[in-house]
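Numbering (our numbering), first residue to last: 245 to 396. This report concerns only the one structure given below.
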């Protein structure tokens, strides 16, 4: 970070029950920053996210998540990166196992997930030095995995 870097970030999020056995956890995050790495660079983004959870049994729930992010990034050549503007979208479905359901903060949990992501092609031009800019790397991708969370 440069000594002249300035940034403002907003974060609004929460969690509540919508109905018996149904929780919602919405989030809005945004940031604008200037002179982060070099004079005149600018990084702006905003994210909207919502996670729904349906508690089906004492130890199992289905989680559904949707995210949208807008980015306008102007690195002014820092790291060899290019200015881009575009959108990113992700949808996830995740069967989730836990010792006891009963709220967003109840852990541990084990999630098996499938996520579909899509983004504007222009975002691929941000960097030629990583996978996002490589030949054959395209939007509209699926990711599958297992995630574990334990909080202390």
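Backbone N, C-alpha and C fix where the C-beta goes; we use that ideal spot for every residue, glycine too. Just so you know, these numbers come straight off a predicted model, no measurement behind them.
Practice task
Classify residue 322 as helix, strand or coil using the three-state DSSP reduction.
Solution key: Counted from its first residue, the chain shown places residue 322 at position 78. Residue 322: helix per DSSP, three-state reduction.
Handout entry: Span separating the alpha-carbon of residue 262 from that of residue 351
Key = As a first step, residue 262 must be located in the chain shown, where it is residue number 18. As a first step, residue 351 must be located in the chain shown, where it is residue number 107. Taking the straight line joining both Cα atoms gives about 20 Å.
Handout entry: residue 200 - containing beta strand (DSSP E), residue span
Key = Because the chain here runs from 245 to 396, residue 200 falls outside it and cannot be looked at.
Exercise for the section: Please go through the segment 247–323 and give each complete beta strand (DSSP E) segment of 3 or more residues, from N-terminal end onward. Expected result: 250–257, 260–263, 266–278, 286–301 and 304–318
Problem - Three-state class that DSSP yields for residue 353 in the structure shown - result: On the chain shown, residue 353 is found 109 positions in, with the first residue counted as 1. Strand at residue 353.
Exercise for the section: Note down, in chain order, each residue of its chain lying with its Cβ closer than 7 Å to the Cβ of residue 394, except the 5 sequence neighbours on either side. Expected result: As a working mapping, residue 394 is identified with position 150 in the chain shown. Excluding residues within five positions, the ones whose Cβ falls inside 7 Å are 351 and 352.
Handout entry: Three-state class that DSSP yields for residue 364 in the structure shown
Key = As a working mapping, residue 364 is identified with position 120 in the chain shown. In this structure, residue 364 counts as coil in the three-state DSSP scheme.
Problem - Among 290, 297 and 370, the one whose alpha carbon lies nearest that of residue 348 - result: On the chain shown, position 104 is the one that residue 348 refers to. That would be 297, whose Cα lies nearest to the Cα of residue 348.
Handout entry: Spatial distance of residue 338 from residue 346 (CA atoms)
Key = For this step, residue 338 is matched to residue 94 along the chain shown. For this step, residue 346 is matched to residue 102 along the chain shown. Between residue 338 and residue 346, the C-alpha separation is close to 17 Å.
Handout entry: Enclosing beta strand (DSSP E) for residue 344 [first to last residue]
Key = In the chain shown, counting from the first residue as 1, residue 344 sits at position 100. Per DSSP, residue 344 belongs to no beta strand (DSSP E) and is neither H nor E.
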